[in-house]
Amino acid sequence: MNRLAISGVIAGLAVLRYTPAGIPVLELVIEHQSEQTEAGMARRVNCAVNAVIMGKLAEQSTTLTNGTAIKATGFLAKRSMKSTQLVLHIDTLEII
757 MNRLAISGVI AGLAVLRYTP AGIPVLELVI EHQSEQTEAG MARRVNCAVN AVIMGKLAEQ
817 STTLTNGTAI KATGFLAKRS MKSTQLVLHI DTLEII
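Residue numbering for the sequence shown follows the working numbering, starting at 757 and increasing by one per position.
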């Protein structure tokens, strides 16, 4: 199973681009803040997640702006074949 759901605000947003195959791609950074329980203790969590939206959803997401609160779900994959950095590939996006 490789599924991730995260909520946060858009902290970085690139311009819509197209792959050489003509697939629309929109890259963004999601900043998340929450309080989680770990080992019975409350823990404040802050993180930034690199994400990408591809295809029709990318074209439909061009009205997003920095500061927009969202909930995103998708899967994790390496940024490229040689990279070890993970990127969230968003397949559902909800403005909250």
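Cβ coordinates follow ideal geometry from the N, Cα and C atoms, glycine included.
For the pair glutamine 816 and methionine 837, the Cα-to-Cα distance works out to about 28 Å. In this structure, the CA atom of glutamate 794 is about 29 Å from the CA atom of valine 808. By the C-beta density criterion, leucine 832 is exposed, having fewer than 16 other C-beta atoms within 10 angstroms. Comparing C-alpha distances from alanine 814 to each of Ala804, Gly778, Ser839, Gly823 shows the shortest one belongs to Gly778.
Between the alpha carbons of valine 801 and isoleucine 826 lies a gap of roughly 17 Å.
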